[in-house]
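Accompanying notes for the structure given below.
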Amino acid sequence: MSVAKLKITPTKIIPILLFIFLIVLRFWKSAEWFSFNFDEEYQALLAWSQVKDFHPIWIGVSASNFGFYLGPAFTYLNALLFWIGNGDLSVLAYFSSFFGIITTISLYFVASRIFSKKVGLISAILYGFSALLIYFDHRFWNPTPIAFVTIWLLYSLYRAEKDTRWFILSTIIMASGLHLHLSLMVYWPLVIFLVLKNIKKISLSIWMISIFSYLAVVSPLIVFDINHNFDDLLGPIRYVLSPKTSGSVFGLDQLIYHLNNVWFSISRALYLKPYTNIQEEHGLGAHGDMTRPVFLISLFVVLIFVWFFRKAIKERKFQILAWMIVSILLFYLLYPSIGCEYYLLGFFIMTTIVLGLFLEKVSWKLLTPLFAIYIAINSVTIFTTTQSQYGLTTRRNLINQIMPLIGNSPFSLETVGKDPRPYHPYGGWRYLFQTYGNHPSSSSADEYFGWIYPDEFTSEKLLYRVVISEVISYSDMNTPIATVSSGVFTSYIFKLNQ
36 MSVAKLKITP TKIIPILLFI FLIVLRFWKS AEWFSFNFDE EYQALLAWSQ VKDFHPIWIG
96 VSASNFGFYL GPAFTYLNAL LFWIGNGDLS VLAYFSSFFG IITTISLYFV ASRIFSKKVG
156 LISAILYGFS ALLIYFDHRF WNPTPIAFVT IWLLYSLYRA EKDTRWFILS TIIMASGLHL
216 HLSLMVYWPL VIFLVLKNIK KISLSIWMIS IFSYLAVVSP LIVFDINHNF DDLLGPIRYV
276 LSPKTSGSVF GLDQLIYHLN NVWFSISRAL YLKPYTNIQE EHGLGAHGDM TRPVFLISLF
336 VVLIFVWFFR KAIKERKFQI LAWMIVSILL FYLLYPSIGC EYYLLGFFIM TTIVLGLFLE
396 KVSWKLLTPL FAIYIAINSV TIFTTTQSQY GLTTRRNLIN QIMPLIGNSP FSLETVGKDP
456 RPYHPYGGWR YLFQTYGNHP SSSSADEYFG WIYPDEFTSE KLLYRVVISE VISYSDMNTP
516 IATVSSGVFT SYIFKLNQ
């Protein structure tokens, strides 16, 4: 082999170094910062019940207020990870960071195959180093795979235009959406349109495999509905017929709110302020000190979208991407309740492709310093993150201080904070105690999740009352026998009268 062939050039070494740094950034303090809240606890308790006593389940977590339950696939994945890690949440933290890297690689592959390697690399850099999206990958709940599923649906639909066998993958992906998040269902009109457009090219075998695959993936939901008078299937229909009963009615206020959120989010996906954290940026519980949008960033991205949609009208290769973006935006804007930012995870990953297409003609001499600045700014945000005070390690340390004080005695668990609701803003603690300490005999979580662990209730007389306060001080007519703190959390331990 000649020396020339072994020569290492900047064009070869820089992408390798970038990828190594991306791995470091995305795994940085994965377990320490892991954000475990009410929604994550709901999923975790369902998954742990499978580890304790495996049995077929037909549904997973509920989907918003539509009266619909998702399929159990994500619960099974969570249970598998818990089985590997013996219930330790660290395994979810590391898997989520790893999955974010897999999604970034998938984005590079898909954008490179559909458009060009340069578009793929630009998109992967923008997505992979985004502080906001790294924050999302420090959580683990059913929306986690949305971006991954979206990018592979995009790829399958593009490939299906030339080879209809790819509709089989499209069908499987759409079926999997019923196990993950209902926002993925908004792509059905586009999928159906493309199927009808290519219907003459679809063979009987492709139809049969697609139908069988779809039914196989959604079979748990079918079994559940057959045994429950189609209650799950009829849930969204009841919602549409009587939306006021769920407290969700579309109006101008929601439309304006969601328009503002899109404007905010397209800036936040590219820039978050330093010294912030996941709880604030995701508005978890009583938190909500989010990074405000940078006007010029939002305006710049909106103008790029104008350019893109004008190109999409004339150029077919942009049209599937354009219609997928329109689909998710229409869903979000017209959503008849408060739409959270994570509903836009599919939009974010497609936005990076649009930006990649716009920047494709810009020379690397100009792009290199721009990306260096982008990576540096987002890295500063990550390295100055103040999430540790709320994260998994901090919570586990608090439990480690509490347990020697109460031993194996029966105790109740309560949570308090700035938000007056008893548990929803402070969720996670019940599962944390059962994993790193001992399960409480009663807790604030029981009202919401007690049906998952009925075997863990006990008639034993409570000997201790444990109150966990977030940020604020807690006072009671009784005096605690001990007070311990970790991060923003303080625990007050009361001895109950015998």
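Residue 451 in my numbering sits at position 416 of the sequence shown, with consecutive numbering throughout.
Even glycine gets a Cβ: it sits at the ideal position worked out from N, Cα and C.
Proximity below 7 Å, CB of residue i to CB of residue j
i: Gly-135; j: Arg-61; result: yes
i: Gln-217; j: Ala-98; result: Gln is not the amino acid found at residue 217; the sequence shown has Leu there. Yes.
i: Ser-245; j: Phe-202; result: yes
i: Tyr-527; j: Val-506; result: no
i: Gly-320; j: Thr-429; result: no
i: Ile-332; j: Leu-305; result: yes
i: Gln-289; j: Trp-176; result: no
i: Leu-53; j: Thr-387; result: no
i: Glu-350; j: Ser-300; result: no
i: Trp-68; j: Gly-381; result: no
i: Leu-433; j: Phe-524; result: yes
i: Gly-463; j: Glu-196; result: no
i: Ile-157; j: Gly-391; result: yes
i: Gly-102; j: Leu-256; result: no
i: Ser-362; j: Tyr-222; result: yes
i: Ile-237; j: Ser-70; result: no
i: Ser-494; j: Val-451; result: no
C-alpha distance - residue i paired with residue j, whole-angstrom precision
i: Pro-91; j: Arg-345; result: 50 Å
i: Val-38; j: Lys-47; result: Residue placement at Val-38 is flagged as unreliable, the pLDDT there being 48, under the threshold of 50; the coordinate-derived value follows with that caveat. C-alpha separation (whole angstroms): 15 Å.
i: Met-36; j: Ala-159; result: Residue confidence is low: Met-36 scores 46 on pLDDT, short of 50, so the model does not pin down where it sits. Its coordinate-derived value is still stated next. Their Cα atoms are separated by approximately 33 Å.
i: Ile-55; j: Ala-411; result: 15 Å
i: Leu-287; j: Tyr-370; result: 11 Å
i: Thr-199; j: Pro-475; result: 55 Å
i: Pro-460; j: Arg-174; result: 16 Å
i: Met-385; j: Asn-72; result: 28 Å
i: Glu-449; j: Met-438; result: 15 Å
i: Thr-470; j: Asn-443; result: 14 Å
i: Lys-235; j: Trp-242; result: 11 Å
i: Phe-164; j: Leu-531; result: 51 Å
i: Asn-264; j: Gly-212; result: 22 Å
i: Ile-291; j: Thr-179; result: 27 Å
i: Ile-487; j: Tyr-499; result: 24 Å
i: Leu-65; j: Phe-247; result: Per the sequence shown, residue 65 should be read as Ser rather than Leu. Rounded to the nearest angstrom, the two C-alpha atoms are 39 Å apart.
i: Ala-251; j: Tyr-111; result: 16 Å
i: Ile-360; j: Arg-303; result: 18 Å
i: Leu-57; j: Ile-140; result: 11 Å
i: Phe-366; j: Leu-338; result: 21 Å
i: Gly-120; j: Ile-137; result: 21 Å
i: Ala-114; j: Ile-348; result: 46 Å
i: Leu-219; j: Leu-334; result: 27 Å
i: Met-512; j: Gln-424; result: 29 Å
Nonlocal neighbours in the same chain, by C-beta distance under 8 Å from residue i, ignoring five residues either side
i: Gly-485; result: Phe-492
i: Leu-307; result: Ala-166, Leu-167, Tyr-170, Glu-316, Thr-326, Asn-413 and Thr-416
i: Thr-518; result: Thr-525, Ser-526, Tyr-527 and Ile-528
i: Phe-418; result: Trp-63
i: Tyr-249; result: Thr-206, Ile-207, Met-209 and Ala-210
i: Leu-401; result: none
i: Phe-343; result: Phe-353, Ala-357, Val-389, Leu-392 and Phe-393
i: Pro-50; result: Leu-156
i: Ser-132; result: Arg-61, Phe-62, Ser-65, Asp-172 and His-173
Identity of the residue in the options nearest residue i by Cα
i: Gly-472; options: Tyr-77, Gln-85, Phe-259 and Asp-123; result: Asp-123
i: Lys-496; options: Lys-232, Ser-477, Thr-179 and Leu-287; result: Ser-477
i: Ser-447; options: Lys-453, Pro-455 and Asp-481; result: Asp-481
i: Thr-311; options: Ser-302, Thr-421, Leu-338 and Ala-411; result: Thr-421
i: Ser-520; options: Asp-511, Arg-431 and Pro-457; result: Arg-431
i: Trp-298; options: Pro-50, Val-336, Gly-163 and Tyr-111; result: Val-336
i: Lys-153; options: Ile-348, Ser-444 and Val-397; result: Val-397
i: Tyr-458; options: Tyr-483, Lys-352, Thr-179 and Asn-513; result: Tyr-483
i: Pro-224; options: Tyr-466, Ile-355 and Ser-151; result: Ile-355
i: Lys-453; options: Tyr-509, Gln-424, Tyr-466 and Leu-440; result: Tyr-509
i: Tyr-193; options: Asp-511, Ile-119 and Ala-357; result: Ala-357
i: Ser-465; options: Phe-89, Ile-360 and Asp-74; result: Correcting the residue identity first, residue 465 is Arg in this sequence and not Ser. Ranking Phe-89, Ile-360 and Asp-74 by Cα distance to Arg-465 puts Asp-74 first.
i: Leu-440; options: Tyr-378, Val-451, Pro-515 and Trp-399; result: Pro-515
i: Pro-445; options: Phe-468, Leu-368 and Val-329; result: Phe-468
Sequence-distant residues of its chain with Cβ nearer than 6 Å to residue i (five each side left out)
i: Tyr-104; result: Ile-94, Ser-97 and Asp-267
i: Asn-233; result: Thr-199
i: Leu-204; result: Ser-191
Same chain, Cβ closer than 7 Å to residue i, five either side skipped, listed in chain order
i: Ser-254; result: none
i: Ala-146; result: Val-154, Gly-155, Ser-158, Ile-388 and Gly-391
i: Leu-116; result: Val-126, Leu-127 and Phe-130
Contact test: residue i Cβ vs the ligand HEM heavy atom, cutoff 6 Å
i: Asn-532; result: This structure simply doesn't include the ligand HEM, nor any ligand for that matter.
Cβ of residue i within 7 Å of any chain C Cβ
i: Ser-84; result: This model lacks chain C altogether; it includes just one protein chain.
Using 8 Å as the Cβ pair cut-off and three pairs as the minimum, do the region 390–408 and the region 313–324 touch? No, the region 390–408 is not in contact with the region 313–324.
On the three-pair Cβ rule with 8 Å, is the region 255–263 touching the region 219–235? Short answer: they don't touch.
Assess contact between the region 174–191 and the region 81–90, defined as three or more Cβ pairs (one per stretch) separated by less than 8 Å. Is contact present? Result no; under three Cβ-Cβ pairs closer than 8 Å.
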